[in-house]
Amino acid sequence: MSPPPYAIGIDLGGTYLRAALVERGKGFLEQVQVETEAEKGPDHILDRVADLARRMMRAVPGNEVAGLGMGAPGAINWERTTLSHPPNLSGWTKVNVREALRERLGQPDLSVTLENDANVAALGSAFYSVGQPYDSFLMVTLGTGVGGAIIYRDRIFRGTTGAAGEFGHLSIDHEGPVARSGVAGAIEAYLGQRFLSRHARYRLLARETVLHERAGDDLEDLTPKMLSERWGRPRRDRRRRRPASPTPTCRESHPCRRIQ
330 MSPPPYAIGI DLGGTYLRAA LVERGKGFLE QVQVETEAEK GPDHILDRVA DLARRMMRAV
390 PGNEVAGLGM GAPGAINWER TTLSHPPNLS GWTKVNVREA LRERLGQPDL SVTLENDANV
450 AALGSAFYSV GQPYDSFLMV TLGTGVGGAI IYRDRIFRGT TGAAGEFGHL SIDHEGPVAR
510 SGVAGAIEAY LGQRFLSRHA RYRLLARETV LHERAGDDLE DLTPKMLSER WGRPRRDRRR
570 RRPASPTPTC RESHPCRRIQ
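The numbering of the sequence shown is the working numbering, which starts it at 330 and goes up by one.
Structure below.
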């Protein structure tokens, strides 16, 4: 008997948890997004993942899917079953995601595969998006943290530790701010969403930039998206505006030029 044509995809992020139901040859059938509630720990988050998976399963005949794939930040073992120390989630120390989801869903034989979220994004780009023309490229993902992946000859390049593409944890200043991963001066400490929001909030409180004119009093809920939107507003004291120079914008991830 051939496996069902349906599969579930889960994206575990530090801020949002996303789920999608896909059908072979047809693409997305359903998508949903909820808040991760990361502060409540791994058991609570896995309960939410299981709830989303059940919702997806109810949309297909017999509630049967070929499997579930989950992209997550952090270190993942070679068997693709265990998640450890994601930099934007606390309390995850060698959590066996496969067994936890099988138990919660009551399906001990369900195919559950775990993969680093940046690797998943890179594979998606390689097969379905702007990475298609290249057999080798680098990808950087920007979100709550900073992730990265290497595609080399149409495959994920993992390196000896399995984390070859984790650019966000590279230190560029050993005396710099400490990222959630514990690395001083890590790239993620300068480009992650939390740092950008915190740094902008500090500058706004000090009234060191014109941003305080545009941000108003919403400092507690300040996000990079809000800053981007409000930066586009005209200044109250500006009578003439210079034409804006073209600036590339990266909404989620962008593959770098091909490796020669």
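Glycine is no exception: its CB is placed at the ideal position from the N, C-alpha and C atoms.
Just the C-alpha distance for residue i and residue j, rounded to the nearest angstrom, thanks.
i	j	result
T422	L412	7 angstroms
E393	K369	30 angstroms
G476	Y345	16 angstroms
G338	T490	25 angstroms
S301	P371	Missing from the structure shown is residue 301; the chain here goes from 330 to 589 and no further.
D566	G342	Model confidence at D566 stands at a pLDDT of 42, short of 50, so the residue's coordinates are unreliable; what they give is reported in the following sentence. The straight-line gap from Cα to Cα measures roughly 40 angstroms.
D438	L525	43 angstroms
R427	T470	25 angstroms
G354	P332	14 angstroms
D340	G435	21 angstroms
D483	V459	13 angstroms
D502	R377	38 angstroms
P334	A388	13 angstroms
D464	Y457	13 angstroms
R523	R487	27 angstroms
G400	Q362	14 angstroms
M330	Y519	51 angstroms
L350	A455	21 angstroms
H414	G472	17 angstroms
E352	N425	27 angstroms
In the DSSP assignment, find the alpha helix (DSSP H) that holds residue i and state where it starts and stops.
i	result
D340	Counting along the chain, D340 falls outside any alpha helix (DSSP H), though it belongs to the beta strand (DSSP E) covering 335-341.
F456	446-457
Considering residue i, what are the terminal residues of the beta strand (DSSP E) in which it resides?
i	result
E352	345-352
E359	356-364
L375	Taken as a continuous stretch (DSSP letters only), L375 belongs to no beta strand (DSSP E), being part of the alpha helix (DSSP H) at 371-386.
A478	475-481
With DSSP as the reference, please indicate the residues paired to residue i in a beta bridge.
i	result
N425	T411
G521	According to DSSP, which records beta bridges pairwise, G521 is partnered with nothing at all.
A515	S500
A401	N445
L471	V475
R484	Y481
V611	There is simply no residue 611 to check, as the chain begins at 330 and stops at 589 in what is shown.
Are the Cβ atoms of residue i and residue j separated by less than 8 angstroms?
i	j	result
M385	E359	yes
L467	L430	no
A348	L381	yes
A493	I480	no
G403	P416	yes
G474	G521	yes
A379	R433	yes
The stretch 437-454 contacting the stretch 402-419, beta-carbon criterion three pairs below 8 angstroms
Output reads yes: the stretch 402-419 touches the stretch 437-454.
Do three or more CB pairs link the stretch 450-458 to the stretch 383-398 at distances below 8 angstroms?
These segments do not touch.
If you pair each beta-carbon of the stretch 510-517 with each one of the stretch 482-500, do three or more pairs fall below 8 angstroms?
By the Cβ test, the stretch 510-517 is in contact with the stretch 482-500, since at least three Cβ pairs between them sit closer than 8 angstroms.
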